Amino acid sequence: MDKTRELYRQYFLAEDRFLNHPLIPGYEQDIIIDMTQAGMNLAAYYGQPTPVKNPLLQELFLRRVFFHLLNTIDNRHQSRIFRRICLDYLYCPLLALKKFYGDSHTDKFLSLKHNLLQLQHSSGL
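Each step along the sequence shown adds one to the number in full-length UniProt numbering, with nothing skipped, and position 63 is 63.
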């Protein structure tokens, strides 16, 4: 139980810092990496073949990280540097989702990929 609590604490602190606090120039990459890694750790925790295995929560946290990054890339109020770093780190949750979906849900993965391609063309990055 302590491990779960610590994983959630790390994730929500990193997510809060990513979404709400003003960015200090030069720390953009640290903020993005913290949020991405915390979400990936939480998803990996629910993907392990143990009694806590929960594919729905695993997918939820992977998609949550993916869409936080995607929405930030589309947010013109964020700095260009922050948006560009988010674009660079988007592959982490995208590849994890590809592995999670496997061959059985290729339509879900293709939908995510299509969203990314549309955003990449319209974002100007």
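For glycine and all other residues, C-beta sits at the position ideal for the given N, C-alpha and C.
Note that the structure is a prediction, hence the values are computed from the model and not measured.
With a cut-off of 8 Å on the beta carbons, I'd call residue i and residue j a contact; round off their distance for me.
i      : j      : result
Leu-42 : Phe-61 : 5 Å
Tyr-11 : Ala-44 : With 8 Å as the limit, Tyr-11 and Ala-44 do not qualify as a contact, their Cβ atoms being about 12 Å apart.
What is the DSSP secondary structure of residue i, counted as helix, strand or coil?
i           : result
Arg-80      : helix
Ser-111     : helix
Asp-2       : helix
residue 131 : Here the chain has residues from 1 to 125 only, and residue 131 is not among them.
Asp-88      : helix
Do residue j and residue i count as a contact pair if the criterion is CB distance below 8 Å?
i       : j      : result
Met-35  : Phe-18 : yes
Glu-28  : Ile-85 : yes
Asn-115 : Leu-69 : no
Phe-67  : Leu-94 : no
Ile-24  : Tyr-89 : no
Report all residues from its chain with a CB closer than 6 Å to the CB of residue i; omit the five preceding and five following residues, and keep chain order.
i      : result
Tyr-8  : none
Leu-57 : Tyr-46
Pro-15 : Looking at the sequence shown, residue 15 is not Pro but Glu. Cβ neighbours of Glu-15 beyond the five flanking positions: Met-35.
Kindly list the residues whose CB is nearer than 7 Å to the CB of residue i, restricted to its own chain and excluding five residues on each side of it in sequence; keep chain order.
i      : result
Arg-64 : Gly-39
Gln-48 : none
Glu-59 : Phe-100
- Message: Quick check for students: name the residue ranges of the alpha helix (DSSP H) that lie wholly in the stretch 8-73, counting only runs of 4 or more.
- Response: 28-47
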